[in-house]
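Residue numbers (my numbering): 196 to 474. Below is one structure, written out as structure tokens; the observations come after it.
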């Protein structure tokens, strides 16, 4: 307390100046219309700029919530679109619940961890078993393109075996020729923008920039775009080609993905388990 009093006493002239200056400004503004108008306009402008900056900051802070809601809405629309595609337009069909008329449904998830520089890249998402995620489900990007397959699942999280993984293998087809092959990242590949199609029969004519899509064999629905052919293929010497493609997906910017649930997956698994083992 003593030090405070000494400080005030030492700088009392300054404090008196501030007090009288403030009183002078207040009296001037109150008793002069022009000064009052200028002061109010200046104050409103400063406050307006401050609120504008604050609103921009609030919008920025809410971007995550907005993106989440948009991703969930897109997932719902994807599912509804599949339902409409499955309706026979030649018959007068009333769809009461579109979710029951499709084999595949979409669940939006946010990427919380991603890698693209490793040999076996893994992606972590913020959805898990409590959200209906199961191992083996297909995952595509919120834009377009194959991302990978669900590998491990916890109650609230799940990991994806990325396409950028030496063990990844997905059945695909070339759109124009219907030629089938296996999509892999490649044994010596380190470019997250490219991948390879193996085991394409060499009697098919390969066209540059032809589109590659999922075949529908396996976890992925048919017709999911993967990329475009960037070379005419290299013969492996056993009547098959290995073809390089440019991926549609940019794995370095993944923020949201769609996990695809196949409603017939368990039924198909049980049915195929009854088949005799191939010798």
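C-beta atoms are modelled at their ideal positions from N, C-alpha and C, and glycine is treated no differently. Predicted, not measured: the structure shown is a model, and the values here were computed from it.
In the structure shown, residue 337 falls within a coil segment according to DSSP collapsed to helix, strand and coil. Counting the other Cβ atoms within 10 Å of the Cβ of residue 416 gives 16 or more, which makes it buried. Residue 393 carries a strand assignment under DSSP once its states are collapsed to helix, strand and coil. In the structure shown, residue 324 adopts helical secondary structure according to DSSP, grouped into three states. With contacts defined as CB atoms closer than 8 Å, residue 439 and residue 389 qualify as a contacting pair. As a beta-bridge residue in DSSP terms, residue 308 pairs with 319.
Shown here, residue 401 sits in coil according to DSSP, grouped into three states, outside any helix or strand. Closest in C-alpha terms to residue 436, from the list 459, 396, 406, 462, comes 396.
Per DSSP, residue 462 is not a residue of any beta strand (DSSP E); the alpha helix (DSSP H) it occupies stretches across 460-468. Under DSSP, residue 219 shares a beta bridge with no residue. Using a Cβ distance threshold of 8 Å, residue 353 and residue 328 count as a contacting pair. Within the same chain, Cβ atoms closer than 6 Å to the Cβ of residue 310 are found at 316, the five residues on either side in sequence being excluded. Comparing alpha-carbon positions, the option among 378, 402, 468 lying closest to residue 412 turns out to be 378. Taking each of 459, 360, 451, 392 in turn and checking the Cα distance to residue 431, the smallest one comes out for 392. Judged by beta-carbon spacing, residue 410 lies beyond the 8 Å limit of residue 459, meaning their Cβ atoms are not closer than that value. Looking at the DSSP output, residue 343 shares a beta bridge with 334, 357.
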